[in-house]
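Input: a single structure, listed below in structure tokens.
There are 4 protein chains.
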Amino acid sequence: MSHTRKNKAQLLNRVRRIGGQVEAVERALLDEVECAKVMQLVASVRGAMNGLMAELIEEHVRNHIVAAPEMALEGEGDGHHHDPNEATDELMSVVRAYLK
Amino acid sequence: MSHTRKNKAQLLNRVRRIGGQVEAVERALLDEVECAKVMQLVASVRGAMNGLMAELIEEHVRNHIVAAPEMALEGEGDGHHHDPNEATDELMSVVRAYLK
Amino acid sequence: MSHTRKNKAQLLNRVRRIGGQVEAVERALLDEVECAKVMQLVASVRGAMNGLMAELIEEHVRNHIVAAPEMALEGEGDGHHHDPNEATDELMSVVRAYLK
Amino acid sequence: MSHTRKNKAQLLNRVRRIGGQVEAVERALLDEVECAKVMQLVASVRGAMNGLMAELIEEHVRNHIVAAPEMALEGEGDGHHHDPNEATDELMSVVRAYLK
């Protein structure tokens with residue numbers, strides 16, 4: 000069971016709020032608002048995206064790395080991520096994209 | 000004239016693409032896709048946001064700082080940004096938000 | 000055994016190279032080099048720091064989270080990090096500092 | 000006159016503090032300190048580097064872009080940066096490196 004299902008509602012709320020923020024940037028451009036204001040709106044979307052990514056990283060580590068041995072014993076889950084090293088590879092590809 | 004009007008169409012395209020990417024994240028969560036995939040989608044939205052911000056920064060510097068003296072002479076524009084120092088203050092508040 | 004001991008030499012080389020890069024920034028300021036050049040030197044130090052952090056994050060996850068159950072069985076190590084959740088807390092405090 | 004000369008002492012202090020922080024990371028590795036602590040030290044060096052870069056960016060914009068017309072009139076300076084567009088190109092190459 001992909002861990003995102005557990006906190007699905009919470010993650011969906013975050014993403015929908017971000018969608019709303021992106022629409023606010025679009026409206027600001029359509030309304031030819033001061034570009035300093037547009038830059039602030041874009042900066043706040045980035046902050047929200049960073050918050051979402053931190054949430055996903057934490058869930059990935061706790062559910063696919065920390066809990067991997069336990070899930071393997073119980074035979075539960077989607078069969079992919081009982082290998083904590085594979086889950087670590089996936090984590091690191093995102094971390095390195097952020098830490099270029 | 001806020002500089003965003005000059006490149007309005009181009010900026011709007013960028014923002015709408017980003018909106019589409021955020022919707023893709025939402026769909027991935029709804030479809031309970033592998034969280035590694037969700038993280039990659041979020042990382043690509045961040046990359047697109049960074050590209051948009053770089054575009055806005057460059058426009059802000061060229062139109063509200065470099066071109067300020069010229070615009071002041073011509074009496075053109077929205078009356079706000081003929082003061083390049085004020086425009087620099089606005090730029091730096093965004094830069095410092097990114098360089099925390 | 001803190002995982003940094005295992006790759007100590009490699010990590011020390013990275014940090015010493017970064018120290019050398021910081022000294023290069025200092026020299027550039029002393030020599031009143033073009034500020035664009037100073038900015039490039041600072042940007043390259045940041046790149047090297049990001050590479051070092053990615054290395055430390057990967058080691059922390061593999062040695063203190065993935066290997067935690069095994070180390071707990073063998074009774075090896077420094078007694079701190081056989082709790083993968085505690086190690087995840089430490090990881091997330093760094094991740095959230097980067098993802099503000 | 001490269002703007003870094005004006006605030007040379009202040010910038011040098013910042014860089015030397017960062018040098019000291021990098022040495023602290025080196026000592027922590029030599030002393031095999033907990034890797035969570037090493038990660039925190041590296042995160043604080045990054046914060047200091049970001050502060051230095053924001054300082055350099057602000058100076059570059061105010062001295063080589065905002066002040067360019069004035070400096071061109073007075074015939075002062077190092078002959079490079081009386082072209083605010085060239086100085087903007089230099090600024091954007093650093094901004095885009097940070098906003099990958």
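Chains as they are written, first to last, in numbering that gives the first Met the number 0: chain Y, 0 to 99; chain H, 0 to 99; chain S, 0 to 99; chain E, 0 to 99. Note that the Cβ used here is the ideal one computed from N, Cα and C, for glycine as well.
Beta-carbon proximity list for residue i, same chain, < 8 Å, skipping 5 on both sides
i, result
"E/V37", "V24, A27 and L28"
"E/L40", "Q20, A23, V24 and A27"
"H/A47", "R13, R16, I17 and Q20"
"H/D30", "none"
8 Å Cβ cutoff met for residue i and residue j
i, j, result
"E/I56", "E/L90", "yes"
"Y/P83", "S/V93", "no"
"E/E58", "S/C34", "yes"
"Y/A67", "H/Y97", "no"
"Y/L51", "Y/R13", "yes"
Nearest to residue i (by Cα), restricted to the options the options
i, options, result
"E/K7", "S/N12, S/K7, S/V32 and S/A8", "S/V32"
Own chain partners of residue i with C-beta closer than 7 Å, once the 5 adjacent residues on each side are dropped
i, result
"S/A71", "H81"
"H/T87", "I64"
"Y/V44", "I17, Q20, V21 and V24"
Own chain partners of residue i with C-beta closer than 6 Å, once the 5 adjacent residues on each side are dropped
i, result
"S/R61", "none"
"E/E69", "none"
"S/E73", "none"
Inspect the CB distances between the stretch 18 to 26 of chain H and the stretch 16 to 23 of chain Y and report whether three or more fall short of 8 Å.
yes
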